[in-house]
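Student: Going line by line, the protein sequences match chains V and D. Plus 703 on top of the position in the first sequence (first one is 1) and you've got the numbering used here. Plus 854 on top of the position in the second sequence (first one is 1) and you've got the numbering used here.
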Amino acid sequence: MNRAQKIAWSLVITISTGVILSGITTAILYVKVGMPKASAGLAFLGIAGLGGFSPLIFRKDKGKVTFDERDKSIKRRAALSGFAASYLFVGLACMLPFSVLGPMASISVGWLPNIFGGAALSFFFVWSVAILVQYGRGGKDGNK
Amino acid sequence: MVTNELKNRIRRLRFENGEMTQQQLADKTGVTRQTILAIEAGKYAPSLPLAFRIAQTFGVSIEAVFQYEDKSDKDS
Chain V
704 MNRAQKIAWS
714 LVITISTGVI
724 LSGITTAILY
734 VKVGMPKASA
744 GLAFLGIAGL
754 GGFSPLIFRK
764 DKGKVTFDER
774 DKSIKRRAAL
784 SGFAASYLFV
794 GLACMLPFSV
804 LGPMASISVG
814 WLPNIFGGAA
824 LSFFFVWSVA
834 ILVQYGRGGK
844 DGNK
Chain D
855 MVTNELKNRI
865 RRLRFENGEM
875 TQQQLADKTG
885 VTRQTILAIE
895 AGKYAPSLPL
905 AFRIAQTFGV
915 SIEAVFQYED
925 KSDKDS
């Protein structure tokens, strides 16, 4: 498994853990105390931020060559997938309130940073999954 | 997919050239071992410069390393 795969795995694990935990906590708090306070459950999304330390944890690969044309094309396709996912996320985040609340309703601008953060999370999650899929998840196609 | 149509003889050529390891071939051609592995398995089609570098490493022509099969002709 090379460095990019290790970073991708750590991002998938931290983002999944953060999203699942915050989703469960927010849902429980919503049932118990209602919506304004229930958003405190989103604090668990901070776990996703721990994935940002992975480039510091995983050192550069040993060997004469650590990055070549295949890695470059894999990273380019992964970045494209990530951008597509974040674009889709922002599009859905804009359209859902319009569809659910109606055209005359208004929402707090406080949601805008959340949408930005969500777009970043969706980018990194899809980027990581695309990296892992293209490298073959460290199996037959990976360095062991 | 294009990669399925590109056959190669890298594994055979490695053994014919003093049982060269994937890592040695990777070092000589300036790529990672993973890339050599992917090319050998037919999962990755190398760029033309890399294909030439691999052929030069073995001292053969590019056609001796890679063979392209046009599947569309066979199907029709």
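The beta carbon of each residue, even a glycine, is placed where N, CA and C say it ideally should be.
What residue range does the beta strand (DSSP E) around Leu-860(D) cover?
Tutor: Working through the second sequence from its first residue, we reach residue 860(D) at position 6. It spans 860-862 - the beta strand (DSSP E) in which Leu-860(D) sits, taken as one unbroken run.
Student: At a CB-CB cut-off below 9 angstroms, which residues of chain V make contact with Gly-884(D)?
Tutor: Counted from its first residue, the second sequence places residue 884(D) at position 30. Result: Lys-767, Val-768 and Asp-771.
Student: Arg-773(V): which of Glu-859(D), Phe-869(D), Ile-893(D) and Phe-920(D) sits nearest, CA to CA?
Tutor: The residue you call residue 773(V) lines up with position 70 of the first sequence. Closest by alpha carbon: Ile-893(D).
Student: Exposed or buried, which one is Asp-771(V) when buried takes at least 16 other CB atoms within 10 Å?
Tutor: For the purposes of this step, residue 771(V) is taken as residue 68 along the first sequence, with counting starting at 1. Its Cβ being crowded by 16 or more others within 10 Å, Asp-771(V) is buried.
Student: If we cut at 7 angstroms on Cβ distances, does Thr-889(D) have a partner in chain V?
Tutor: Translated into the one-based positions of the second sequence, residue 889(D) becomes position 35. Answer yes: the Cβ-Cβ gap between Thr-889(D) and chain V drops below 7 angstroms somewhere.
Student: For Arg-868(D), count the other beta carbons within 10 Å of its own beta carbon; 16 or more makes it buried, fewer makes it exposed. Which is it?
Tutor: Counted from its first residue, the second sequence places residue 868(D) at position 14. Arg-868(D) should be labelled buried.
Student: Quick one: using the 10 Å Cβ neighbour count with 16 as the cut-off for buried, is Pro-900(D) buried or exposed?
Tutor: Indexing the second sequence from 1 puts residue 900(D) at position 46. Burial call: buried.
Student: From Thr-875(D) to Arg-866(D), what does the alpha carbon distance come to, in whole angstroms?
Tutor: Taking the second sequence and counting its residues from 1, one reaches residue 875(D) at position 21. Taking the second sequence and counting its residues from 1, one reaches residue 866(D) at position 12. Roughly 11 angstroms separates the two Cα atoms.
Student: Let's see if you can read the secondary structure: which residues bound the alpha helix (DSSP H) around Tyr-898(D)?
Tutor: Here residue 898(D) is taken as the residue at index 44 of the second sequence, counted from 1. Note, Tyr-898(D): premise wrong, no alpha helix (DSSP H); not H, not E.
Student: Residues of chain D with a CB under 9 angstroms from the CB of Asn-705(V): which are they?
Tutor: By one-based count along the first sequence, residue 705(V) stands at place 2. Chain D residues near Asn-705(V): Thr-886 and Gln-888.
Student: Given a limit of 8 angstroms on CB to CB distance, which residues of the region 896-909 of chain D reach chain V?
Tutor: The residues in question are Lys-897, Tyr-898, Pro-900, Ser-901 and Leu-904.
Student: So for Phe-920(D), helix, strand or coil by DSSP?
Tutor: Indexing the second sequence from 1 puts residue 920(D) at position 66. Three-state DSSP puts Phe-920(D) in a strand.
Student: Taking the C-alpha atoms as reference points, what is the distance between Gly-755(V) and Ala-918(D)?
Tutor: Counting from one through the first sequence, the residue named residue 755(V) turns up at place 52. Counting from one through the second sequence, the residue named residue 918(D) turns up at place 64. Answer to the nearest angstrom: the Cα atoms are 46 angstroms apart.
Student: Beta-carbon within less than 7 angstroms of Gln-877(D)'s beta-carbon, same chain only, minus the 5 sequence neighbours each way: which residues are those?
Tutor: Residue numbering aside, residue 877(D) sits at position 23 when the second sequence is read from its first letter. So the qualifying residues of the chain are Arg-887.
Student: Taking just the CA atoms, how far does Tyr-898(D) sit from Thr-857(D)?
Tutor: For this step, residue 857(D) is matched to residue 3 along the second sequence. For this step, residue 898(D) is matched to residue 44 along the second sequence. Per-residue confidence for Thr-857(D) stands at a pLDDT of 45, beneath the threshold of 50, marking its modelled position as unreliable; the derived number appears in the next sentence. Rounded to whole angstroms, Thr-857(D) to Tyr-898(D) spans 6 angstroms at the Cα level.
Student: Rounded to the nearest angstrom, what separates Leu-795(V) and Val-736(V) at their Cα positions?
Tutor: The residue given as residue 795(V) occupies position 92 in the first sequence. The residue given as residue 736(V) occupies position 33 in the first sequence. If you take the alpha carbons of Leu-795(V) and Val-736(V), they lie about 27 angstroms apart.
Student: Measuring CB to CB, does Ser-719(V) end up less than 7 angstroms from Leu-745(V)?
Tutor: Taking the first sequence and counting its residues from 1, one reaches residue 719(V) at position 16. Taking the first sequence and counting its residues from 1, one reaches residue 745(V) at position 42. Against a cut-off of 7 angstroms, the Cβ pair of Leu-745(V) and Ser-719(V) comes out as no contact.
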